[in-house]
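Trainee: This is the structure, below, for whatever I ask next.
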Amino acid sequence: MFSEKIDETKGWSATKLYSEASEELEGQHYERAIQLYEKLESSYPFGTYAQQAQMQIAYAYYKSQDQAQALAAVERFIKLHPNHANVDYMYYLRGLINFNDQIGFLNFIYEQDATERDPKATREAYAAFKQLVDKFPNSKYTPDSLDRMRYLINAMASYEVHVARYYYRRGAYLAAANRAMGIMNDYRDSPAIEEALFIMIRSYDKLGMTELRDDTMRVFKLNYPASKFLDEGKKAERHWWKLWN
Numbered sequence: 031m032f033s034e035k036i037d038e039t040k041g042w043s044a045t046k047l048y049s050e051a052s053e054e055l056e057g058q059h060y061e062r063a064i065q066l067y068e069k070l071e072s073s074y075p076f077g078t079y080a081q082q083a084q085m086q087i088a089y090a091y092y093k094s095q096d097q098a099q100a101l102a103a104v105e106r107f108i109k110l111h112p113n114h115a116n117v118d119y120m121y122y123l124r125g126l127i128n129f130n131d132q133i134g135f136l137n138f139i140y141e142q143d144a145t146e147r148d149p150k151a152t153r154e155a156y157a158a159f160k161q162l163v164d165k166f167p168n169s170k171y172t173p174d175s176l177d178r179m180r181y182l183i184n185a186m187a188s189y190e191v192h193v194a195r196y197y198y199r200r201g202a203y204l205a206a207a208n209r210a211m212g213i214m215n216d217y218r219d220s221p222a223i224e225e226a227l228f229i230m231i232r233s234y235d236k237l238g239m240t241e242l243r244d245d246t247m248r249v250f251k252l253n254y255p256a257s258k259f260l261d262e263g264k265k266a267e268r269h270w271w272k273l274w275n
């Protein structure tokens, strides 16, 4: 005969549940922390601790690197409590959850063929931080969100440069030029503009579009008179795209 599993939390107050859950979270025992927060939310669904538990569940999933569950918890909280005093944090956390993928993404663009992957997480992280900045310009999380947005813009621009370079290497010069032009239009303040212009120059040259090549070269020299790409461009057999690898 099997005995029923004893629920050690039976009869615990909301305060004790929250305290124990927070202690588990502090100790990085995320699974146990989530269990206790969920127990708190189900046992005391209408108290102030329940709302805080929902936020902590999202954070615990984030810290345990369970992106799907973390995002689901964030979306649930925002939907249930759109006017909560700390809802700005949940918008911020949504950005962080997506931002968490960036190390893997940036490693990817240097090591593999970047055209095989769409940097969806990058765009979603940017969109999440932007939503926070637009909705809560005075939030304490806004300055950091703005910094992360700048980083993400540069990451997206770098991805686009990588793709343009990929097209150029394979002789798809029109596609390379168009991709580089997109960088000019979409990421005006990114350092990636320098290489995008250079890709356009080389692509127009290969296409025999001498007028466009010369016009772009004038713009390039005006903005980047000491560019490393200018010297490299004189050496036709050198692989200029490997300069920054």
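The sequence shown begins at 31 in the numbering used here and counts up by one. Note that the Cβ used here is the ideal one computed from N, Cα and C, for glycine as well. Here the structure is a predicted model, which means the values were calculated and not measured.
Using CA coordinates, which residue listed in 87, 190, 62 and 256 is at the minimum distance from residue 38?
Mentor: Nearest in C-alpha terms to residue 38, of all of 87, 190, 62 and 256, is 62.
Trainee: Consult DSSP for residue 78 and reduce its assignment to one of helix, strand or coil.
Mentor: helix
Trainee: Please classify residue 71 as buried or exposed, where buried requires at least 16 neighbouring CB atoms within 10 angstroms.
Mentor: Looking at its Cβ environment, which holds 16 or more other Cβ atoms inside 10 Å, residue 71 is buried.
Trainee: With distances taken Cα to Cα, identify the nearest neighbour of residue 185 among 227, 168 and 219.
Mentor: 219
Trainee: Is it true that the CB of residue 171 sits closer than 8 Å to the CB of residue 91?
Mentor: no
Trainee: I'd like the span of the alpha helix (DSSP H) that includes residue 239, first residue to last.
Mentor: Run containing residue 239: none; DSSP gives neither H nor E here.
Trainee: Within its chain, find whatever has a CB closer than 6 Å to the CB of residue 87; leave out the 5 residues flanking it on each side and keep chain order.
Mentor: 64, 67 and 103
Trainee: At what residues does the alpha helix (DSSP H) containing residue 173 begin and finish?
Mentor: 172-199
Trainee: Do residue 124 and residue 101 have their CB atoms nearer than 8 Å?
Mentor: Judged by beta-carbon spacing, residue 101 lies within the 8 Å limit of residue 124, meaning their Cβ atoms are closer than that value.
Trainee: Helix or strand or just coil, what does DSSP make of residue 140?
Mentor: Because the pLDDT at residue 140 is just 48, under 50, the model does not fix this residue reliably, and the value given afterwards should be weighed accordingly. Residue 140 falls in the helix class under three-state DSSP.
Trainee: Counting only the same chain and skipping the five closest in sequence on each side, list residues whose C-beta sits under 6 Å from that of residue 134.
Mentor: Interpretation of residue 134 is limited by its pLDDT of 49, a score under 50 that renders its predicted location unreliable; no figure is taken from the coordinates.
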